[in-house]
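Protein chains in written order, with this note's numbering: chain A, 1 to 349; chain B, 350 to 639; chain C, 640 to 1023. Structure first, then comments.
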Amino acid sequence: MRSGIAILAVAAFASVPLWLRDPYLMNALITTGIFIIAAMSLNLLLGFTGQLSLGHVAFFGIGAYVSALTSLGFDVPLPGDFHIVHDPWPPIAGFALAVVIAGLCGYLVGRLSFRVRGAYFVIVTISFAEVVRLVALNWVELTQGPLALNNIPSIALPLPGFGELVLRTKLQNYYLVLAVAVAAYALISRLVKSHFGRAMRGLMENEALAISVGIDVTRTLTLAAVISAAIAGAAGSLYAHYIRIIDPEVFAFINTVTMVIMVISGGKGSLAGPVVGGLIFGLMPVFLRPIMTPEAQWIAYGGVLILILFVLPRGIVPSLTQRLAKRRKGIGAIHPVAFSKSSAEEHAS
Amino acid sequence: MSEFLQHLVNMLVLGGTYALLGIGLTLIFGIMNVVNFTHGVLYTFGAYIMFIVVNQLGLNFFLALPVAVIAGWLLGAAVELILLRPLRGSDIDTTMLVMIGAWIAMQSGTLWIWGGVAKSVTTPFPDEPLVLGSVSVSWLRLFVLAAAALLIVATYLLVNRTKLGCAMRATFQDQDTASLMGVNVDLIYTSTFAIGSSLAAAAGALLGPVYVIFPQMGDLAAVKAFAIVILGGLGNITGAVIGGFILALAEELGAGYVSSGYRDAMGFLIIIAVLIFKPTGLFARSERVG
Amino acid sequence: MIRTIKYVPTAALAAVLLSGQAGAQTIKIGVNEPLTGAFAASGTYVVNGAKIAADEINAKGGVLGKKIELVIEDNKSNPTEAAAVAEKLINSDKTPVMMGAWGSSLTLAVMPKLMEYETPMVVETSSSGKITTSGNPYVFRISPPSAVEAVAFRNIVDKLALKKVDFLVINNDWGRGTAEDFGKMFKEKGITVGLVETMDQGAQDMSAQLAKIKGSDAETVIVTTAVDQLTLIFKQAAALGMKKRIITTGGSQNPDQIIAQAGAAANGTMHLTTFLPWFPEKTPNPEATSYFISEWKKRGFDFAGCTESFRGYDGIRTAAAAIEKAGKAEPAAIKAAMWDIKVKGLNGDIVFRKSGPEGKESGQSQPNVYLIEISDGKIGMKSL
């Protein structure tokens, strides 16, 4: 049943360019799609392992910068008259490198951060993101600092025998983002439903019990961090080659907050949650633009976040599925989602 | 050498205000285990109160400071009552996220009301600095240092010598036992959050006139507060004071001798380094990680 | 244009989506400026200056017999948003020419869109050298990059008898570019360059850098940053007892605001500005300057904003002149016409000269610079 809905959704998304012609809205959809990919990757850590990583934007930004620098080339002077010179590579290589290096950073951060838990973990992840931002801002020789890397080339897909297809138009980029999003969704979905996924959720529910059953905490968390970071890096690379300009503001804490709002409001721990949350909060600014100033919008987002945490703490998607399940199967039905209190209570009655 | 002495003097003044920020947060973080993202907003709030009282209402500068402290106390209490009390007992993630939501809403509100143009507070001090040999320090900064020292001592006495302070420390050590012994835990929580917030407001009220006032000024201050708390150990007031001076020293010397661009990175680097190598902080007496 | 063919089947929907193209009774000029975010104050000044220009032009009959309409959009001080706004202005609002986008990073973000959609833009404030040397033939700048400022300053330098100079600049291309271009010019004149200190865009405490400069043996400090940090620097320099000669550059100084906020700490400081709203009789076009300032005051705007808003005024007049010269409101014609116009700007004649790689030059105009001094809380021309 679930996969039926998923296929319908993908088909719906794929059909959008056929009837939506306004390039401005297409632009908004594409950037929203990229943020959704990042939100899905955050959900892996936040929703399925229970780790509140608030530095996630670091992986997104690192992916963006790596991809941009790989395809632009650079010449960085080092103390002692040495230079690191890199000639431009095709953007596809940039994408691959972005995924790999972001994943590597995820590994490092995972290994270092998971030695502490809870609030300390949150603070370390925030600090990591801020340090990366300051490096991007100050290491001007490499990153151009606040002046930004611009003229980043669009992604070109090598077609053996036909040469190259440069993805320059909105239409092409839309399908590229859709393809990567679907791939990321599928990957996360399989991961969550696998043995590894159960290990992650076991950790989230009861760490001591999980350890006693033999789950290796550090290995599980680190692996989740690597995959999460790699997907975020992929999103960052898409961002760099679509917007074609990257500045250190990509690391701003507010971007992490945006992703967090998307995940929490959509429903952490649910696969479709980030997609729903992402669509809402990615497109809302576009529609609110003529009516509300950005400050007023952010006041609203802050308020919405608080409201959701009070009223629908599990997020939109899980609450909706719960209600639909109740209505369809009646009270007392056996539902494999044993985490929800209400169905357990119904059992008891 | 004179340059070094000048750096040292700068560091002392900065350290005092950082210490205030840190103490406020260590009380909240230590006793309530709340990752208080609104701490920076309270700092900003204190600064704008100074602006309103001194520049807009035209009242005495020295009276404005207590007003800012009290205003911060009230706002902190309100936040605790409205947002935190209903969530008591929820997991730490939910609380943290609610604090983030409050932070965004409040900071955007500040931006909406005041706009982004920075404001200056008129101070009653002479413009010429006090010169001691080759070192200069402005009268304003000396006042700030004195006021900060006063508040730090007052807080220390409050926490260690009064009944309220005793109840706070008891709740920190063992909430259930304290409650069984008759401590009104709800009141303690609200008071602690309010006191911590008022200290943040005080820091903002003191530093606002030194620099300029603008809506996002609290962001960096908040991060530095966290760095100090982690450095000094959760709930450890003396640790927070020393941590404040250490951070100021690292920033001042780092900016002076290493690289001025990375000055504000010092706080973050300290956080990361301490949490990797000595997660309980440099001075923590009790072992508590996470 | 080819795109309009695709719109025909969805004409009804398009008519709703696209804004007011009914019969094209007005000529639209896009305005891409930061109205919120870090640069909101400056962007707002520029937009208000632009509005004065538009009203003045319309009062005199408009351009090519039609009224001009400013389509103003907020780029939120964010490069990504600036690019998105450019998209909207060009594709949804169909503006044949734009003005924007205030800061260098914002303008650089918009430039690829100009190439992609072949639409010209008048750059009114940005100062990065890159903008006119990247080979983008759709860029026409009326504000001076630091290289042009350095050349203009050169003539004044001899009279100031500088011997050794330190720099305190904001840590971005604008600040570093100034240090580089001015440094080169100083060396040619035999003036020694000492320290080059930088500060972050958001930094509040420059005491460390100032302490270092205080201890150096240079007698002059060149400071390049925006007005908020200048205020802080002057206050902190005074608090440290740093008594060197301070000269600021960059065109974002807003001396009135500095006097208001830094008070006595601002006395004795000198500023290289690109406009003289305090002495209209000393500007190249006293009549036009007086008109602009009186209009500005009539609308109740803050006088301090004149130092930035005049660029919005000149920018729109430049765009309008190009449209008039082109004879039609079409991007390609307007772009070609830019090279042929000569506008009496408030700061000198606006004539575009070629800048950048051959074959794809951008346009750069050469405005005047003036040296003013603050003493006793008042602004005066530095007598040399």
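Note that the Cβ used here is the ideal one computed from N, Cα and C, for glycine as well.
Spatial neighbours of residue i within its chain, please: CB distance less than 6 Å, with the 5 preceding and 5 following residues excluded, ordered by chain position.
i: Ala661 of chain C; result: Residue confidence for Ala661 of chain C is low, a pLDDT of 43 falling below 50, so the modelled location carries little weight and cannot support an answer.
i: Phe626 of chain B; result: none
i: Ile231 of chain A; result: Ser41 and Ala184
i: Leu288 of chain A; result: Gln297
i: Phe918 of chain C; result: none
i: Lys874 of chain C; result: Ala901 and Ala904
Where does residue i land, buried or exposed, given buried means 16+ other C-beta within 10 angstroms?
i: Glu597 of chain C; result: Outside the shown range of chain C, which is 640 to 1023, sits residue 597 of chain C, and nothing can be said about it.
i: Trp19 of chain A; result: exposed
i: Ile640 of chain B; result: The requested residue 640 of chain B does not occur in the structure, where chain B is confined to residues 350 to 639.
i: Asn509 of chain B; result: exposed
i: Ser228 of chain A; result: buried
i: Ala199 of chain A; result: buried
i: Arg490 of chain B; result: buried
i: Gly482 of chain B; result: exposed
i: Ser773 of chain C; result: buried
i: Gln51 of chain A; result: buried
i: His86 of chain A; result: exposed
i: Pro290 of chain A; result: exposed
i: Ala186 of chain A; result: exposed
Give the interface partners of residue i over in chain A, defined as CB-CB distance under 7 Å, in chain order.
i: Ala614 of chain B; result: Val131 and Leu134
i: Ala680 of chain C; result: What Ala680 of chain C touches in chain A: nothing, since even the nearest Cβ is about 14 Å away.
i: Ala722 of chain C; result: Ile243 and Ile245
Under a CB-based cut-off of 8 Å, is residue i close to chain B?
i: Val116 of chain A; result: yes
i: Leu871 of chain C; result: yes
i: Leu801 of chain C; result: no
i: Val350 of chain A; result: The structure shown does not extend to residue 350 of chain A, since chain A spans only 1 to 349, so no value can be given for it.
i: Gly880 of chain C; result: yes
Report the neighbours of residue i on chain A: residues whose CB is nearer than 8 Å to its CB, in chain order.
i: Ser1001 of chain C; result: Near Ser1001 of chain C there are no residues of chain A at all, since even the closest Cβ is about 14 Å away, more than 8 Å.
i: Glu726 of chain C; result: Pro23, Tyr24 and Asn27
i: Pro718 of chain C; result: Ala148, Ile245, Asp247 and Glu249
Using a Cβ-Cβ distance cut-off of 8 Å, determine whether residue i contacts chain C.
i: Ala14 of chain A; result: no
i: Gly145 of chain A; result: yes
i: Asn173 of chain A; result: no
i: Ile243 of chain A; result: yes
i: Asn255 of chain A; result: no
Using a cut-off of 8 Å between C-beta atoms, extract the partners of residue i located in chain C.
i: Thr293 of chain A; result: Thr675
i: Glu429 of chain B; result: Residues of chain C passing the Cβ test: none, with the nearest at roughly 29 Å.
Is there at least one Cβ from chain A nearer than 8 Å to residue i's Cβ?
i: Ile625 of chain B; result: yes
i: Gln660 of chain C; result: At Gln660 of chain C the pLDDT is 43, less than 50, meaning the model places this residue with poor confidence; the figure from the coordinates comes in the next sentence. Output row for Gln660 of chain C: interface = no.
i: Val390 of chain B; result: no
i: Ser731 of chain C; result: yes
i: Lys667 of chain C; result: no
For residue i, collect the residues of the same chain with a Cβ closer than 8 Å to its Cβ; drop the 5 residues on either side in sequence, then sort them by chain order.
i: Ile696 of chain C; result: Val702, Ile707, Ile955, Arg956 and Ala959
For residue i, which residues in chain B fall below 7 Å Cβ to Cβ?
i: Asp867 of chain C; result: Ala467 and Val561
i: Leu112 of chain A; result: Ile625
Chain B partners of residue i, CB-CB under 8 Å?
i: Thr985 of chain C; result: Per the sequence shown, the amino acid found at residue 985 of chain C is Leu instead of Thr. Those do not exist, as Leu985 of chain C stays about 24 Å from chain B at its closest Cβ, beyond 8 Å.
i: Ile123 of chain A; result: Val384, Phe575, Ile579, Ile620 and Leu624
List the residues of chain B whose Cβ lies closer than 9 Å to the Cβ of residue i, in chain order.
i: Val260 of chain A; result: Leu446 and Ile449
i: Ser265 of chain A; result: Result: empty, since nearest Cβ-Cβ is about 10 Å, beyond 9 Å.
i: Ala972 of chain C; result: Those do not exist, as Ala972 of chain C stays about 39 Å from chain B at its closest Cβ, beyond 9 Å.
Leaving out the 5 sequence neighbours to the left and right, which residues in its chain are closer than 7 Å to residue i when beta-carbon positions are compared?
i: Ala93 of chain A; result: Thr70
i: Val724 of chain C; result: Asn671, Glu712 and Asn714
i: Gly682 of chain C; result: Glu672, Pro673, Leu674 and Trp741
i: Leu569 of chain B; result: Asp613
Can you pull the chain C neighbours of residue i, defined as C-beta to C-beta under 7 Å?
i: Asn376 of chain A; result: No statement about residue 376 of chain A is possible, as the shown extent of chain A runs from 1 to 349 and does not include it.
Check: Going along the segment 465 to 478 of chain B in order, which residues come within less than 9 Å of chain C, judged by CB to CB distance?
Finding: Gly465, Val466, Ala467, Lys468, Ser469, Thr471, Asp476, Glu477 and Pro478
Notebook entry, point to check: Given a limit of 7 Å on CB to CB distance, which residues of the segment 892 to 919 of chain C reach chain B?
Noted result: In summary, the residues of the segment 892 to 919 of chain C whose CB is separated from some CB of chain B by less than 7 Å are Gln900, Gly902, Ala903 and Ala904, in the order they occur in the chain.
Note to self: Counting only Cβ-Cβ distances shorter than 8 Å, please list the residues of the segment 738 to 754 of chain C near chain A, keeping chain order.
What the structure shows: Ser743, Ser744, Leu747, Ala748, Met750 and Pro751
Margin query: Counting only Cβ-Cβ distances shorter than 8 Å, please list the residues of the segment 837 to 859 of chain C near chain A, keeping chain order.
Written below: Asp839 and Gln840
Check: the segment 293 to 320 of chain A: which residues have C-beta closer than 9 Å to a C-beta of chain C, in chain order?
Finding: Thr293, Pro294 and Glu295
Notebook entry, point to check: Name the residues in the segment 535 to 550 of chain B whose C-beta lies less than 8 Å from a C-beta of chain A; which are they?
Noted result: Residues passing the 8 Å Cβ filter: none.
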